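Read through the structure below, which is laid out as structure tokens, and then see the notes.
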Amino acid sequence: MTEHDIQNDIRAACSPYAVLFRINVGKVRTPDGRFFDTGVPQGFSDLFGFRKSDGKAVFIEVKTPSGRPTDKQKHFLETMKKFGAVTGIARSAEEAIKIITEV
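In structure tokens:
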């Protein structure tokens, strides 16, 4: 199962508990040959949104069973948690539900 497949499973399974959005990022080459990054800062979580029960922000980094978060991803999650967001790394829909529903 790919990370994209896991993200889709998580979004469907978590819909009773949270509103989650998938973020898209990338590099773009301008006509004059320059590159620039689009989207959010490096390390931003794959899924983000809010918990339905209390409106708290939610950030979930999605990984395959063998995937490892980068230092920037870990730092982002730690920073968001420090400011009161619900955060975690999920390798399955069940793990994401646990992250979202734990108080």
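If you use numbering that gives the first Met the number 0, the sequence shown closes out at 102, no skipped numbers anywhere.
Glycine residues also receive a C-beta, built at the ideal position from the N, C-alpha and C atoms.
Only a predicted model underlies this, so the values are computations on that prediction, with no experimental measurement involved.
Once you ignore the five residues that flank residue i on each side, which residues in its own chain have a CB closer than 7 angstroms to its CB?
| i | result |
| --- | --- |
| I22 | G38, V39, F43, D45, F47 |
| I98 | I59, V85, G87, A89 |
Report the CB separation of residue i from residue j in whole angstroms; it is logged as a contact under 8 angstroms.
| i | j | result |
| --- | --- | --- |
| M79 | A56 | 7 angstroms |
| Q41 | E60 | In fact, because the Cβ distance is near 13 angstroms, the residues do not count as touching under 8 angstroms. |
| I5 | T63 | 7 angstroms |
Could you tell me the alpha carbon to alpha carbon distance between residue i and residue j, rounded to whole angstroms?
| i | j | result |
| --- | --- | --- |
| R33 | T100 | 44 angstroms |
| S91 | A11 | 12 angstroms |
| H142 | L19 | No statement about residue 142 is possible, as the shown extent of the chain runs from 0 to 102 and does not include it. |
| G54 | P15 | 13 angstroms |
| K81 | S65 | 27 angstroms |
| K51 | D8 | 18 angstroms |
Relative to the C-alpha of residue i, which candidate in the options has its C-alpha closest?
| i | options | result |
| --- | --- | --- |
| G87 | K81, L76, N7 | L76 |
| T1 | F58, A89, V102 | A89 |
| F49 | H3, F35, A17 | A17 |
| V24 | C13, D36, P30, S14 | D36 |
I'd like the list of long-range same chain contacts for residue i, defined as Cβ closer than 8 angstroms, with 5 residues on each side in sequence excluded.
| i | result |
| --- | --- |
| S29 | In the sequence on display, residue 29 carries Thr and not Ser. Around T29: F35. |
| K26 | F34, F35, D36, T37 |
Within a Cβ cutoff of 6 angstroms, which residues of the same chain sit near residue i, ignoring the five residues on either side of it in sequence?
| i | result |
| --- | --- |
| G83 | none |
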